[in-house]
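Colleague:
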Ligand code: NAI
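Residue numbers (our numbering): 1 to 252.
#1: Quick one: any contact between the segment 232 to 249 and the segment 166 to 174, if contact means 3 or more CB pairs under 8 Å?
#2: To which residues of the same chain is residue 120 closer than 7 Å at the C-beta, ignoring the five residues directly before and after it?
#3: Residue 63 bridges to which residues according to DSSP?
#4: Classify residue 235 as buried or exposed, calling it buried when 16 or more other Cβ atoms lie within 10 Å of its own Cβ.
#5: Beta-carbon within less than 6 Å of residue 149's beta-carbon, same chain only, minus the 5 sequence neighbours each way: which residues are those?
#6: Could you pull the DSSP bridge partners for residue 7 from this structure?
#7: At 4 residues or longer, and completely inside the segment 56 to 113: list those alpha helix (DSSP H) runs for me, N to C.
#8: Under three-state DSSP, which class holds residue 207?
#9: Say the cut is 7 Å; is the CB of residue 44 nearer than that to a heavy atom of the ligand NAI?
#10: For the segment 54 to 62 against the segment 98 to 110, are there 3 or more C-beta pairs whose distance is under 8 Å?
#11: If you measure from the beta carbon of residue 110 to each beta carbon in chain C, is any gap under 8 Å?
#12: Please tell me whether residue 184 and residue 227 are closer than 8 Å, where the distance is taken between their beta carbons.
#13: State the start and end residues of the unbroken alpha helix (DSSP H) segment that holds residue 147.
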């Protein structure tokens with residue numbers, strides 16, 4: 001048995017939601033490097049265009065998809081048939097004091113970050129169940145386990161806590177079918193999502209750093225390597241696990 005061969009994804013087909021930018025784009029890079037062919041499903045046409053330029057000639061296809069559109073998710077899953085790997089990465093960040101969050105804002109965050117994770121898992125998972133194999137990796141957050149500061153975002157935190165428990169629940173239901181479901185819970189990672197703070201809000205960034213034992217913000221490739229591990233046979237005994245990758249933030 002070769003340990004490194006367990007990471008080999010040649011012959012496997014994967015889809016990464018929100019894979020055109022940020023953490024998702026690095027997940028795509030990691031899966032491609034391991035040999036998988038990858039579908040990038042993203043709502044943003046500009047992000048899709050730049051991903052297409054960047055990945056020209058690689059084993060990748062592009063789908064414009066809003067993951068909250070359940071009918072569109074189902075139809076894409078049926079068109080693609082059984083995939084080996086789903087990375088449920090698409091998500092949005094929002095901030096507002098709890099007492100001011102409108103119903104629209106609350107529903108938007110829950111729709112993208114929580115409901116759509118389930119719609120995608122359900123749609124692609126049905127095919128995995130039929131083929132008796134598959135690995136689903138959800139991108140949760142350390143904010144699904146703890147409340148980060150100083151930003152206020154109860155809707156985001158609640159959505160990510162839900163992602164973690166969807167992960168455990170589906171792992172419990174689908175273990176008998178050979179479908180594994182795990183999640184990564186990243187800490188702060190440098191992406192377009194939080195560039196507002198990293199570029200201009202030095203006070204917020206300083207608080208984040210002082211609460212992180214490693215004393216730095218994470219990189220997208222550092223999350224993607226955990227996703228690669230969870231997607232591959234290297235993690236064959238893991239299902240229902242939430243793997244924290246936060247530079248030690250939740251240790252304090
Ligand atoms: P990002 O904003 O940099 O990229 C997100 C990508 O998802 C974009 O390409 C966007 O077009 C796409 N997307 C957004 N809504 C979509 C929808 N409805 N349908 C399809 N695609 C959609 O975000 P980032 O930072 O890369 O985040 C990725 C995931 O990681 C999210 O689930 C986020 O909550 C999570 N996360 C991010 C952390 C961070 O510090 N950046 C920390 C912990 C978790």
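For glycine and all other residues, C-beta sits at the position ideal for the given N, C-alpha and C.
Modeller: The short version:
#1: Touching, per the Cβ criterion.
#2: Only 17, 67, 73, 86 and 88 meet the Cβ criterion.
#3: The secondary-structure analysis by DSSP pairs residue 63 across a beta bridge with 41.
#4: So residue 235 ends up on the buried side.
#5: Cβ within range, chain order: n/a, list empty.
#6: Per DSSP, none; premise fails for residue 7.
#7: 70 to 80 and 103 to 110, all fully within the segment 56 to 113.
#8: Shown here, residue 207 sits in a helix according to DSSP, grouped into three states.
#9: Checking every heavy atom of the ligand NAI against the Cβ of residue 44, one is found closer than 7 Å.
#10: No, the segment 54 to 62 is not in contact with the segment 98 to 110.
#11: Absent here is chain C; the protein component of the structure consists of one chain.
#12: The beta carbons of residue 184 and residue 227 sit closer together than 8 Å.
#13: Unbroken run through residue 147: none, as it is neither H nor E.
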